[in-house]
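J.: I have a structure here, written as structure tokens, and I will follow up with some questions on it.
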Amino acid sequence: MARFSRIKTCQVMAETGMVPVFYHSDLETSKQVLKACYEGGVRVFEFTNRGDFAHEIFGDLNKWAAKECPEMILGIGSVVDAGTASLFLQLGANFVVGPLLNPDIFKVCNRRQVAYIPGCGSVSEVGYAQELGAEVVKIFPAGDVGGPSFVKNLKAPMPWSNIMVTGGVEPSEENLTKWFKAGVTCVGMGSNLFPKEIIAAKDWGRITQICKMALEIIAKAKTI
Numbered sequence: 122m123a124r125f126s127r128i129k130t131c132q133v134m135a136e137t138g139m140v141p142v143f144y145h146s147d148l149e150t151s152k153q154v155l156k157a158c159y160e161g162g163v164r165v166f167e168f169t170n171r172g173d174f175a176h177e178i179f180g181d182l183n184k185w186a187a188k189e190c191p192e193m194i195l196g197i198g199s200v201v202d203a204g205t206a207s208l209f210l211q212l213g214a215n216f217v218v219g220p221l222l223n224p225d226i227f228k229v230c231n232r233r234q235v236a237y238i239p240g241c242g243s244v245s246e247v248g249y250a251q252e253l254g255a256e257v258v259k260i261f262p263a264g265d266v267g268g269p270s271f272v273k274n275l276k277a278p279m280p281w282s283n284i285m286v287t288g289g290v291e292p293s294e295e296n297l298t299k300w301f302k303a304g305v306t307c308v309g310m311g312s313n314l315f316p317k318e319i320i321a322a323k324d325w326g327r328i329t330q331i332c333k334m335a336l337e338i339i340a341k342a343k344t345i
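Going by the numbering used here, the letters in the sequence shown line up with residues 122 to 345, in that order.
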């Protein structure tokens, strides 16, 4: 069962403004990355369902995080069907993210009062997701769908929308400032937050530094 309510999850997403997106087939590497992000100030983390036996890694990681990173809200990403969502909910996922919108996943997550953040690529999809109960909607792939201008134009007629953008987000002042000025609630970052060479070198301190820097930029961007 989820340790955090969906309201709490969405609040922390909005407060911190950033959700790291990560997958690795090695449990120990996943633990170290999660811990590094936690020490950098991250409080919401999306582990993605992108490899064989990802659910086994997630289950162990989630139990470990409850003890070692008690304030970390750990969820699962890259979920495209209700059966997969159910599997990860049984393993304690605190939220479910997908690259697409699947109404059947809403049924599973809403029943458990767990946030489902579907991927949307149009204004109509965002509206449909909200109709089905989404409190936060993911724009994906954000950089290709229309970038910050898409978010700004969407929020003009739909200012209540809480938008998370993933794809085309970088941990730089220029990039992050553009997204938050456009009105995003939070950003999801994967490979740009976890360069392959840093993971290979096991330079966990560098990941902590990147997270701290990104969160500082986001905090500043919110005040502009």
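Cβ coordinates follow ideal geometry from the N, Cα and C atoms, glycine included.
Quantities reported herein were computed from a predicted structural model and do not represent experimental measurements.
Would alanine 263 and tryptophan 300 be called neighbours here (beta carbons separated by less than 9 angstroms)?
T.: Translated into the one-based positions of the sequence shown, residue 263 becomes position 142. Translated into the one-based positions of the sequence shown, residue 300 becomes position 179. In contact: alanine 263 and tryptophan 300 (Cβ atoms closer than 9 angstroms).
J.: Excluding the 5 residues preceding and the 5 following proline 269 in the sequence, name in chain order all residues of the same chain whose CB lies nearer than 6 angstroms to its CB.
T.: Position 148 of the sequence shown holds residue 269. Taken in chain order, the residues that qualify are Lys299, Trp300 and Ala303.
J.: Looking only at C-alpha atoms, which of Ile284, Trp281 and Asn313 sits nearest to asparagine 296?
T.: As a position in the sequence shown, residue 296 is number 175, starting the count at 1. Ranking the options by Cα distance to asparagine 296, first place goes to Asn313.
J.: Is it a yes or a no for the region 175-190 touching the region 229-243, going by three-plus beta-carbon pairs under 8 angstroms?
T.: Touching, no, given that fewer than three Cβ pairs across the two stretches are closer than 8 angstroms.
J.: Which of the three DSSP states, helix, strand or coil, is assigned to lysine 259?
T.: As a first step, residue 259 is located in the sequence shown; it is residue number 138 there, counting from the start. In this structure, lysine 259 counts as strand in the three-state DSSP scheme.
J.: Have a look at Lys343, Lys259, Ser207 and Gly254 and flag the residue whose alpha-carbon is nearest the alpha-carbon of threonine 287.
T.: Locating residue 287 in the sequence shown gives position 166, counting from the first residue. Nearest of Lys343, Lys259, Ser207 and Gly254 to threonine 287, Cα basis: Lys259.
J.: Would the beta-carbon of proline 220 fall within 9 angstroms of that of valine 247?
T.: The sequence position of residue 220 within the sequence shown is 99, counting from 1. The sequence position of residue 247 within the sequence shown is 126, counting from 1. No; because the gap between Cβ atoms is not below 9 angstroms, this pair is not in contact.
J.: Alpha carbon to alpha carbon, what distance is there between glycine 204 and threonine 137?
T.: What you label residue 137 is simply residue 16 of the sequence shown in a count that begins at 1. What you label residue 204 is simply residue 83 of the sequence shown in a count that begins at 1. Near 30 angstroms, if we compare the C-alpha coordinates of glycine 204 and threonine 137.
J.: Return yes when the Cβ of methionine 310 is within less than 9 angstroms of the Cβ of glutamate 337, no when it is not.
T.: As a first step, residue 337 is located in the sequence shown; it is residue number 216 there, counting from the start. As a first step, residue 310 is located in the sequence shown; it is residue number 189 there, counting from the start. No, the Cβ-Cβ distance between glutamate 337 and methionine 310 is not below 9 angstroms.
J.: Within its chain, find whatever has a CB closer than 8 angstroms to the CB of serine 126; leave out the 5 residues flanking it on each side and keep chain order.
T.: For this step, residue 126 is matched to residue 5 along the sequence shown. Answer for serine 126: Gln234, listed in chain order.
J.: Can you list, in chain order, the residues of its chain whose CB lies under 8 angstroms from that of cysteine 190, leaving out five sequence neighbours each side?
T.: Here residue 190 is taken as the residue at index 69 of the sequence shown, counted from 1. Cβ within range, chain order: Leu155, Lys156 and Tyr159.
J.: Quick check on threonine 306: does DSSP put it in helix, strand or coil?
T.: Counting from one through the sequence shown, the residue named residue 306 turns up at place 185. Coil, per DSSP.
J.: Note the first and the last residue of the continuous beta strand (DSSP E) segment covering isoleucine 194.
T.: Locating residue 194 in the sequence shown gives position 73, counting from the first residue. Unbroken beta strand (DSSP E) run through isoleucine 194: 194-198.
J.: Pull up the distance between the alpha-carbon of lysine 273 and that of glutamate 256, whole angstroms please.
T.: Against the sequence shown, residue 273 aligns to sequence position 152. Against the sequence shown, residue 256 aligns to sequence position 135. Roughly 18 angstroms separates the two Cα atoms.
J.: What residues are listed by DSSP as bridge partners for valine 137?
T.: The residue you call residue 137 lines up with position 16 of the sequence shown. Here residue 137 turns out to be threonine, not valine, going by the sequence shown. DSSP, once it has assigned bridges, lists no residue as partnering threonine 137.
J.: Leaving aside the five residues before and after glycine 254 along the sequence, list all residues of the same chain whose C-beta is less than 8 angstroms from its C-beta, in chain order.
T.: Against the sequence shown, residue 254 aligns to sequence position 133. The residues are Phe227, Asn231 and Tyr237.
J.: Go to tyrosine 237, then tell me how far its beta strand (DSSP E) extends in each direction, as first and last residue.
T.: Here residue 237 corresponds to residue number 116 of the sequence shown, with the count starting at 1. Residues 236-238.
J.: Report the residue from Val163, Leu148, Thr306 and Pro141 whose alpha carbon sits nearest the alpha carbon of alanine 135.
T.: The count along the sequence shown starts at 1 and reaches residue 135 at position 14. Checking every option, the nearest Cα to that of alanine 135 belongs to Thr306.
J.: From what residue to what residue does the beta strand (DSSP E) around isoleucine 284 run?
T.: As a first step, residue 284 must be located in the sequence shown, where it is residue number 163. Per DSSP, isoleucine 284 belongs to the beta strand (DSSP E) from 284-287.
J.: For lysine 152 and leucine 182, which I take to be in contact (beta-carbon distance under 8 angstroms), what is that distance rounded to the nearest angstrom?
T.: Here residue 152 refers to the residue found at position 31 of the sequence shown. Here residue 182 refers to the residue found at position 61 of the sequence shown. So it is a contact: roughly 6 angstroms between Cβ atoms.
J.: Please return the same chain residues whose Cβ sits closer than 8 angstroms to the Cβ of serine 207, not counting the five positions on each side in sequence.
T.: As a working note, residue 207 is residue 86 in the sequence shown. Contacts found: Val229.
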